[in-house]
Each structure stands twice: as C-alpha cells, then as structure tokens.
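Undergrad: If you read the protein sequences in the order shown, they are chains C and P. Following my numbering, the residues of the first sequence are numbered contiguously, the last one being 409. Following my numbering, the residues of the second sequence are numbered contiguously, the last one being 409.
Number of protein chains: 2
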Amino acid sequence: MTLPGPLNPPSRLLMGPGPINADPRVLRAMSTPLVGQYDPFMTRSMNEVMELYRRVFVTGNRQTLLIDSTARGGIEAALVSVLEPGDKVLVPVMGRFGHLLVEIAQRCGAEVHTVEAPWGQVAPYELIADAMAKVQPKVLAVVHGDTSTTVVQPFDGLGELCDRYGTLLYADVTASIGGNEFLTDAWGVDIATGGLQKCLGGPSGSAPATFSARAEGIINARKSIEAGIRDEGDAVAAHPIRSNYFDMSMVFDYWSERRLNHHTEATTMLYAARESARIVLEEGLGAFQARHALHGRAMMEGVRGLGLEVFGDVEHKMTNVVGVVIPEGVHGEAVRTRMLEDFGIEIGTSFGPLAGKVWRIGTMGYNARQDAVLTTLAALEAVLRREGFGLPAGGGVDEAYRVYAEAA
Amino acid sequence: MTLPGPLNPPSRLLMGPGPINADPRVLRAMSTPLVGQYDPFMTRSMNEVMELYRRVFVTGNRQTLLIDSTARGGIEAALVSVLEPGDKVLVPVMGRFGHLLVEIAQRCGAEVHTVEAPWGQVAPYELIADAMAKVQPKVLAVVHGDTSTTVVQPFDGLGELCDRYGTLLYADVTASIGGNEFLTDAWGVDIATGGLQKCLGGPSGSAPATFSARAEGIINARKSIEAGIRDEGDAVAAHPIRSNYFDMSMVFDYWSERRLNHHTEATTMLYAARESARIVLEEGLGAFQARHALHGRAMMEGVRGLGLEVFGDVEHKMTNVVGVVIPEGVHGEAVRTRMLEDFGIEIGTSFGPLAGKVWRIGTMGYNARQDAVLTTLAALEAVLRREGFGLPAGGGVDEAYRVYAEAA
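1) My understanding is that P10 of chain C touches V36 of chain P, with C-beta atoms under 8 Å, so please give their C-beta distance in whole angstroms.
2) Would you grab the beta carbon distance between G61 of chain P and I68 of chain P for me? Rounded to a whole angstrom, and I think it's under 8 Å.
3) Taking only runs of the beta strand (DSSP E) that begin and end inside the stretch 293-333 of chain C, which ones reach a length of at least 3 residues, in chain order?
4) With a cut-off of 8 Å, do at least 3 Cβ pairs link the stretch 329-338 of chain P to the stretch 289-308 of chain P?
5) For T185 of chain C, name the three-state secondary structure that DSSP assigns.
6) Kindly indicate which three-state DSSP category W120 of chain P falls into: helix, strand or coil?
7) Listed in chain order, which residues of the stretch 270-283 of chain C have Cβ atoms closer than 8 Å to some Cβ of chain P?
8) Alpha carbons only, please: which of P:I192, P:A142, P:C109 and P:A291 is nearest the one belonging to E117 of chain P?
9) Could you tell me whether the Cβ atoms of L307 of chain C and L381 of chain C are closer together than 8 Å?
10) For a contact defined as C-beta to C-beta under 7 Å, what are the partners of E112 of chain C on chain P?
11) In the DSSP assignment, what residue or residues form a beta bridge with T194 of chain C?
12) Grab me the residues of V384 of chain P's own chain with a C-beta within less than 6 Å of its C-beta, minus the 5 sequence neighbours each way, in chain order.
13) Using a Cβ-Cβ cutoff of less than 7 Å, which residues in the same chain neighbour L184 of chain P once the five nearest sequence positions on both sides are dropped?
14) Going by DSSP in three states, D164 of chain C sits in which element: helix, strand or coil?
15) Going along the chain, which unbroken runs of the beta strand (DSSP E) with 3 or more residues stay wholly within the stretch 121-147 of chain C?
16) Since A30 of chain C and Y272 of chain C are thought to touch, with beta carbons under 8 Å apart, how far apart are those beta carbons, to the nearest angstrom?
17) Closest Cβ-Cβ distance between A57 of chain C and chain P: below 8 Å?
18) Report the residue from P:G285, P:L162, P:T151 and P:A210 whose alpha carbon sits nearest the alpha carbon of V140 of chain P.
19) Within the stretch 236-261 of chain C, note down every full beta strand (DSSP E) run reaching 3 residues or more, in order along the chain.
20) Can you tell me the Cα-Cα spacing of R55 of chain P and H263 of chain P, whole angstroms?
21) In three-state DSSP terms, what is H263 of chain P?
22) For I76 of chain C, does the three-state DSSP call read helix, strand or coil?
23) What does DSSP give as the partner residue(s) for G61 of chain C in the beta ladder?
24) If you measure beta-carbon to beta-carbon, which residues of the stretch 98-127 of chain P are closer than 9 Å to chain C?
25) According to the neighbour-count rule (16 or more other Cβ atoms, all chains shown, within 10 Å of its Cβ), is T442 of chain P buried or exposed?
26) With H, G and I counted as helix, E and B as strand and the rest as coil, what does DSSP make of P354 of chain C?
27) Do the stretch 141-159 of chain P and the stretch 88-101 of chain P make contact, defined as three or more Cβ pairs closer than 8 Å?
28) Using a Cβ cut-off of 7 Å, pull out every chain P residue sitting near Y246 of chain C, in sequence order please.
29) According to the neighbour-count rule (16 or more other Cβ atoms, all chains shown, within 10 Å of its Cβ), is R298 of chain P buried or exposed?
30) Closer than 8 Å, CB to CB, is F312 of chain C near chain P or not?
31) Report the option in C:G160, C:Q107 and C:K318 whose CA atom is closest to the CA atom of T148 of chain C.
32) Work out the CA separation of P125 of chain P and L313 of chain P for me, nearest whole Å.
33) Just checking: is the beta-carbon of H264 of chain P within a distance shorter than 8 Å of some beta-carbon in chain C?
34) Could you please give the first and the last residue of the uninterrupted beta strand (DSSP E) stretch that includes L91 of chain P?
35) Taking only the alpha-carbon atoms, compute the straight-line gap between E112 of chain P and A106 of chain P and give it to the nearest angstrom.
36) If you run the structure through DSSP and keep just helix, strand and coil, what is T44 of chain C?
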C-alpha cells in the first residue's frame with residue numbers, strides 16, 4: 002500500500018449546526034510547540050484557561066476547566082462524577098440531546114425520569130416544576146440549546162426549583178455557550194459542560210466545564226486516589242466514581258496547585274480552547290452574543306425571504322442555528338449534496354422525527370459573518386431553483402440585507 | 002482583568018518520558034482547516050487513519066481506529082467495553098501503569114487479580130501462567146512498555162495462554178507503540194490502545210486502538226444504540242456498557258460505513274494522528290524502531306559514560322526511555338530545574354517507589370535524534386558539575402559518539 006498524501010482538504014464553508022470552520026487564529030494556535038506537562042508555562046496556561054472560561058461561563062466557580070474529550074465526554078464526566086447507582090435524575094426531553102442525557106444517566110446506573118415536549122418546542126416551566134415536586138431528583142439535567150431542534154430552553158426559575166429540593170442543576174451548553182446568554186451563577190447552575198466546535202469556533206475535542214462549590218463538594222466526597230500515586234492519608238472512597246478518566250475529583254486535583262497527575266493534558270486542545278476564549282472575550286461576551294443574534298436573524302429572515310418556512314418555536318430560537326422546513330417535492334439530501342459539491346457549502350440534515358424534513362443552517366463562531374450568510378442564501382436559492390423549486394429571485398439575500406440595514 | 006496574550010511558549014527540548022516535542026509536521030497538520038463530520042474528505046480520512054494504524058499495530062483488524070481522549074481514556078474504553086461487573090481480570094503489576102489498569106478495571110466492577118514484580122523488572126512468564134491457570138480470567142491486561150520503570154514486558158507465550166483459557170489479551174502500548182516492536186496479530190493480542198505523545202511524536206489527546214474480531218464480537222454483543230437515533234430493529238442490550246462515550250460498539254458504528262453518529266470526531270486530533278502515522282510509515286516501521294533503539298542506546302551509554310547508574314532491567318529496557326539512578330548527594334529536583342531553566346531541556350522525575358531516586362530521560366519520536374541526545378548529555382554533565390558532582394569531562398558525549406560510530 003502506498004501512503005496517503007499530506008492533508009489537502011477541499012475548501013468548505015461549514016454552515017451546518019457544527020462543527021463549523023474553526024477560527025484561523027485557533028488553527029494557528031494549534032501549531033504552537035508543546036511544553037512539558039508540568040512546565041511553568043503549562044501550569045500558567047492551565048490557570049489562564051480557568052480564568053478565561055470563568056468569564057465565558059459568567060461564574061466565580063473555582064472548578065472551571067477543560068475535560069479532555071469531545072463535548073459528549075464532558076456530559077458523561079459531569080453525570081458520572083455526581084451520580085451513584087439508584088440516584089434520581091430528571092431530564093426534560095425536547096430533542097436529541099435530551100435523549101442523550103437520559104442515556105448517559107442510565108449508564109451511570111441512575112433512576113431516570115423524564116418530561117417531554119415536542120421537538121421544536123421548549124419544556125414549559127410548570128411541567129418541570131410538577132415533575133420536580135414528584136421526583137425530587139438529585140440532579141435536574143437540562144439541555145440549554147439543542148441544535149437538533151434549534152431551540153433554547155429558558156432557565157428562569159430552575160435554580161430556585163433546585164434549591165427547594167436540594168437538587169443539582171446540570172446544563173449541557175455544548176451548542177449554546179458563547180453565542181447565547183448563559184449565566185451560570187445568576188441562574189443557579191451547578192454544573193455546565195460545553196464544547197469548542199460550535200459558537201466558540203474551535204475544533205471538537207475539548208469540553209470546557211464549570212462546577213459550583215456544591216457540586217465540587219459532592220464530587221470530592223466520592224474521591225478515591227488511584228494506587229500507584231496514592232500517598233498515606235489520601236482518601237479511598239467507599240463508592241468511588243465509576244469512571245477513572247472522567248472522575249472529576251481527580252481532574253480537579255490535576256488542575257489544582259497540587260497538580261496531582263491524572264491523564265496527560267491534551268496540550269494542543271488546551272491551546273485551542275485558550276485561543277477560542279480569547280477571541281470571544283476580546284470582542285466582549287455581550288458583543289459576541291449580539292453578533293450571533295444579528296447574523297442568526299439575518300439568516301432566518303433570508304430563509305423566509307426565499308419563501309421557506311422556519312422550523313420550531315422561533316421565540317425561543319438559538320441565535321446560532323435555524324431550522325428550515327424542506328419544502329414539499331424537494332429532495333433534501335439532493336440539495337445538501339449540490340450545496341456541498343457545487344458550492345463548497347455545508348448545511349445540516351436532521352435526526353429522529355425531523356430526519357428528511359428539516360435542514361439546519363448554522364451561523365456561529367467564525368462563521369457568524371455577513372459574507373457567510375449572504376453566500377449561503379445565494380447558493381441555496383441557486384440550488385433550489387435548479388431543483389425545480391420556484392422562489393422569489395434574490396429574496397433571501399434581500400431580506401438578509403434588510404436585517405443588516407436595520408441594525409446598522 | 003486584562004486578557005492573557007497570544008501563546009508564546011519558551012523554547013523547550015522535551016527529553017522526559019513524554020509528552021515530547023511534537024514533530025513539526027504534526028503541528029502543521031493541526032492547523033489544517035476543518036471539514037464537516039460526514040464530508041467525503043472526512044470519512045475518507047477516517048478510513049485512511051484506520052489503514053495507517055493497521056500498519057502501525059501490525060494487524061489486519063478491521064476495528065483499528067482512534068478513541069477521542071488521551072491514552073488513559075483509550076484504556077478505559079477498551080476495558081469498560083469488554084468488562085461486565087464481576088468479570089475476572091488478571092493484571093501483572095510492575096509499575097505505575099499496571100496499578101492504573103487495576104484501578105480502571107475495578108471501576109468497571111471487575112474482580113481484579115494481580116501478580117506483582119518489582120518496579121524495574123518484568124513479570125516472569127511462569128508467574129503469569131500460574132495465575133492464569135488459577136484465575137482463568139476474562140481479560141489478561143498487560144502494560145507493554147511502562148515508562149514509570151522503563152521496562153518492556155515480553156509477550157512471548159501470552160497469546161497461547163489466553164487461547165487456552167478463552168481469555169482476551171489486552172495490551173497498553175501507550176508508551177511503546179512505534180518505537181518498540183509490537184506485533185498485534187502475531188502475538189495474539191486482542192486489544193491494544195496507545196497514545197500519540199510518546200514515540201508517535203504527536204500531542205496527547207487521541208488514542209489509537211485496535212480490536213480483534215473476537216473482541217469486536219464480545220463488545221458488539223453488548224451493543225445498545227441510544228434513543229434519539231435508534232431505528233426499529235436496532236439492538237437494546239440487557240447489560241449495556243457502563244459508559245456511553247467509551248462504548249466501543251457505538252464507536253465502531255461511527256467508524257463503519259454506516260457512520261452512525263456518536264460523538265463529533267475530534268478532527269484536528271485525527272489530522273495529528275494521521276500525520277504521526279505517515280511519518281512512522283514513510284520511514285518504515287522497522288527503521289523507525291531501529292532509530293529508537295540506536296538513540297536510546299546512545300543515551301544509555303552516555304549516561305553510563307557520565308559515571309551514572311542505569312536503573313532497572315536493561316535487558317528489557319524500552320528503546321525510548323532510560324532510568325538514571327540519582328547519585329548520592331545530588332538533589333534530583335535541583336538538577337531538573339537547572340536543566341529546564343538554564344538549558345531549556347526537560348528530563349523526567351519518577352513516581353511512587355522511584356520518586357526522588359530516578360530520573361527518566363526519553364529519546365522518542367521527533368526527539369530520537371543525535372543532536373537531542375548529545376545536547377542533553379552535555380547539559381546534564383554541566384549541571385551535575387555545578388551541583389558539585391564530580392564526573393569525567395565529556396564522558397557522556399564521548400560514549401554516545403562511540404555508539405554512533407559503531408552503528409555507522
């Protein structure tokens with residue numbers, strides 16, 4: 002076998018629900034030379050990352066750090082570190098990632114209760130409140146922004162509910178963090194985990210996360226330092242966390258001044274996470290979110306300008322993704338293929354009940370830009386016309402321009 | 002708070018037990034633009050990675066792929082995917098990473114049996130064979146090369162032993178793969194997991210792994226596709242794997258032609274893993290290992306030329322790391338600090354029973370080079386002399402030169 006050649010990817014504008022084009026600054030940061038695991042530069046960089054993500058998560062939580070996995074692993078790290086077999090969890094399910102929280106919690110051995118809302122809608126507060134009263138779970142686990150449905154779940158009142166029942170509030174902010182308002186401390190969120198590959202404009206492979214002092218206490222009470230590096234006097238838990246890799250009590254120690262060895266930090270992913278946060282915070286978190294709101298609105302109105310229907314509860318739409326109902330008689334995958342192959346633009350398909358019915362178009366991170374929005378709308382118009390779908394000439398681009406003009 | 006500035010690490014020559022300086026080609030590969038998760042370029046790249054790592058692992062195993070975590074997560078993925086609570090595991094413990102296998106297997110709920118050898122020695126075959134006969138475990142889990150002790154465990158006869166008892170043979174090759182001979186199929190190894198940050202010359206954060214058809218069968222029998230993407234007729238296991246993220250049956254599906262969505266592949270880490278393997282295979286696996294053997298021998302003889310004692314069973318020494326007994330009266334950490342701060346060279350400390358007693362010096366991946374070896378020896382001599390340790394002038398460099406001359 003001859004060897005495959007150097008990497009030579011085609012030019013792509015990634016306007017799906019993520020991953021999207023990483024910011025070129027993040028890509029450059031990833032070619033930065035490595036240092037040793039305990040080099041003063043490394044430990045200082047880890048501390049900087051903690052402080053940067055405190056600002057991204059709007060929190061004072063000491064335990065704000067990176068989990069060395071994709072966003073999905075971050076969810077599992079949070080849940081497996083707090084949940085013991087038999088613990089009760091309540092999950093509102095309004096899309097694919099609610100199902101994922103259920104699935105992960107079940108694998109932790111938890112007793113999982115759900116409330117359900119239709120895909121594309123939010124879960125009403127009353128529904129959650131009633132279930133909380135009945136179940137009184139150890140953890141309320143909520144997807145904040147679910148790209149599978151494009152909807153953002155309001156957190157109003159959830160913190161108070163959790164206080165009432167002594168429940169930990171967990172939020173999956175993978176798809177929302179950075180581009181949608183999320184106030185960890187003000188909303189009483191105990192644990193939030195995210196990912197780089199959506200609004201933060203980095204590659205998949207690192208999960209920024211934050212843990213309140215209460216969550217930290219619950220997790221540290223389960224601490225069990227592994228043989229081989231255990232000192233006398235170190236704790237050995239009766240019911241240790243069922244994962245070593247995702248045992249946050251050990252990850253906390255690794256990120257603490259004690260620097261107790263756990264995994265070997267994925268240095269390049271840390272470099273990426275650091276640069277992603279710097280980009281957000283240089284612009285300012287408020288301005289960054291406003292930019293997502295603007296380009297998300299331009300895309301949504303552009304879609305409507307093409308005569309297409311927007312999917313879901315637009316009052317609660319995430320800033321960074323819009324669902325587009327695939328019109329009658331149009332073959333959704335044929336359109337996506339032509340967009341990709343002929344225009345180099347990726348838009349997203351959907352899962353589960355929305356498969357084949359909805360495209361998802363993202364405007365996030367580096368791609369929350371006017372040129373990306375207008376180019377995508379122009380290409381979509383061209384492709385739909387060639388697929389035989391009649392639509393107003395220039396209607397998408399015109400509507401997007403109108404949004405930009407009004408905002409100027 | 003002002004923001005931290007752009008990444009600006011100090012110049013470092015990383016001659017510890019890993020991570021080491023990533024190959025500049027790997028670093029450059031990591032700034033390659035992203036593509037979508039199911040882009041034809043992405044799926045082709047995944048297939049290329051599978052084929053490249055089949056050659057690195059010297060295997061025909063279909064299931065040869067990347068686990069999106071550091072090497073430690075790769076170990077956990079392997080063990081949690083095969084082990085059900087109560088299953089028996091046998092682990093030879095001769096260093097820190099044997100303890101880690103024990104710890105991870107215990108967290109999987111397994112009944113763990115061990116045989117022990119002193120740190121720095123290999124576990125004798127008879128010891129393992131006797132325990133195998135007694136325990137008849139589901140899994141024999143063995144660290145191939147343990148950087149904590151610098152020793153490589155012989156696998157002769159282990160495959161046959163496992164055949165006899167219907168046992169799966171698992172190997173942790175994190176520290177050895179690429180730079181030390183490892184023959185997955187010829188040795189009857191069912192599962193091996195590695196990491197990029199040692200001989201493969203990449204950053205931590207991706208775990209190349211391979212699974213035999215037998216291991217695949219055992220894992221797939223436990224398959225449980227998650228709600229939200231489950232089709233009618235898809236399996237729901239009675240005793241599902243206790244992790245979602247590390248459920249290899251789902252990871253196999255993701256890497257199969259079915260491309261069933263699981264996590265979002267860490268594209269940049271995949272780019273790194275692909276380039277790492279290309280570098281190994283361009284040189285040729287045999288030549289790559291011979292290079293590690295040469296520079297490892299030069300470093301070892303250089304250390305001896307400085308009048309220092311080499312730690313452990315040198316007959317079974319890994320090619321890529323040497324243990325150096327810290328001489329009486331020398332403060333090990335003071336030497337390491339001076340090496341790092343004054344010369345920009347990192348050498349390693351040790352864990353557990355070897356802490357404070359042994360330095361570990363690596364020669365691996367991009368750093369398995371003559372200039373790296375000679376520079377490190379010259380610096381170590383200078384530092385030791387300033388620390389008041391009398392030693393032969395130029396003795397380290399001379400001995401290394403002698404090794405190179407004999408090999409020329």
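C-beta: ideal position from N, C-alpha, C; glycine also.
TA: Let me lay it out:
1) 5 Å
2) Rounded, the Cβ-Cβ distance is 20 Å, inconsistent with contact.
3) 322-326
4) no
5) coil
6) coil
7) Those would be M270, Y272, A273, R275, E276, R279, L282 and E283, in chain order.
8) P:A142
9) The beta carbons of L307 of chain C and L381 of chain C sit closer together than 8 Å.
10) Neighbours of E112 of chain C on chain P: none; closest Cβ ~16 Å, over 7 Å.
11) C:D173 and C:A210
12) If you ignore the 5 residues before and after V384 of chain P, its C-beta comes within less than 6 Å of the C-beta of V336, R339 and M340, all in its own chain and listed in chain order.
13) V59
14) helix
15) 140-144
16) Contact flag correct, Cβ pair sits at about 5 Å.
17) Residue identity differs from the one stated: residue 57 of chain C is Val in this sequence, not Ala. Chain P contact via Cβ: absent.
18) Ranking the options by Cα distance to V140 of chain P, first place goes to P:L162.
19) none
20) 22 Å
21) Of the three classes helix, strand and coil, the one that applies to H263 of chain P here is coil, per DSSP.
22) helix
23) Answer is none; G61 of chain C lacks a bridge partner.
24) F98, G99, H100, L101, V103, E104, I105, Q107, R108, C109 and G110
25) Residue 442 of chain P falls outside the range modelled here, since chain P spans only 2 to 409, and no answer is possible.
26) helix
27) Pairwise C-beta distances place the stretch 141-159 of chain P in contact with the stretch 88-101 of chain P, as three or more of them are shorter than 8 Å.
28) The contacting residues are S70, R73, G74 and E77.
29) buried
30) no
31) C:K318
32) Residue identity check: residue 313 of chain P is Gly in the sequence provided, not Leu. For G313 of chain P and P125 of chain P, the distance between alpha carbons rounds to 15 Å.
33) yes
34) K89 to V94
35) 8 Å
36) helix
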